[in-house]
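Each residue of the sequence shown is one higher than the last, beginning at 1 in the numbering used here. No residue lacks a Cβ here, since even glycine has one placed at the ideal position from N, Cα and C. All figures in this text were calculated on a predicted structure; none of them were measured in a lab. Notes to accompany the following structure.
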Amino acid sequence: MTGIFSCSAGVVATHDDFGRAFELDDRFEIGVMCEAAKPSWPVGIVAAYNLSYGHSKTADIFYSETRLGLKKALDLHPSVKPYIAGGFNSLSVYADIPGDDDNEGTYGTWYGAGVNFRLTDTWHINLGWRRSRVNMKLFGERLHAGGDHFDWSIGYRFPQSQ
């Protein structure tokens, strides 16, 4: 079994209706991810956790997202591996507006693509895009939470390549 444990940072472009409701176009995101696979498996398993925060004139928004999914890396070059991935997510949102607050937790889906760059046998850098989609209700309004995630990460490969 091999895998990569990584830490990430990036930005999330908020879905239109959620952005309009809270005057929030994007938010900052940090996270951790672990991916693992056996050489005989056609795809790997991905588990991740992200926190994000956004601030506008009308609201402070806090997101907590847990993801589980599958990832297929393409062996085009030993040091550069493009991939596609997708799965399910659990999203919890806390929104604070002047004089009121609300929170909601629900489930949805995600998919994405990116490129892993091997720096050494141990260290990797990833550039990725991911779209998450979750329907939820905040302050009595149905919204599409999630968005387009643009992240970079640095990861440690376990065990080291032979």
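Taking C-beta separations shorter than 6 Å and ignoring five residues to either side along the sequence, the partners of ALA37 in its chain run GLY44, following chain order.
If you look at ALA21, you'll find it isn't in any beta strand (DSSP E); it sits in the alpha helix (DSSP H) that goes 16-22. Within the same chain, and ignoring the five residues on either side of SER8 in sequence, the residues whose Cβ sits closer than 6 Å to its Cβ are GLY31, ASP151, SER153. The beta carbon of LYS137 sits closer than 8 Å to the beta carbons of GLU104, LEU143 from its chain, once the five residues preceding and following it are set aside; these are given in chain order. Residue pairing from DSSP places TRP152 in a beta bridge opposite ALA9, LEU127. For VAL80, the number of other beta carbons within 10 angstroms of its own is below 16, and it is reported as exposed. Closest in C-alpha terms to ASP60, from the list ASP100, GLY69, CYS34, LEU68, comes ASP100.
DSSP places HIS55 inside the beta strand (DSSP E), whose first and last residues are 44-55.
In this structure, the straight-line span from the alpha carbon of THR2 to that of PHE158 is close to 6 Å. For the region 52-117, there is no continuous alpha helix (DSSP H) assignment of 4+ residues that stays within its boundaries. Cα atoms of PHE117 and THR106: separation of roughly 33 Å, rounded to the nearest angstrom. The DSSP-derived three-state label of GLY140 is coil.
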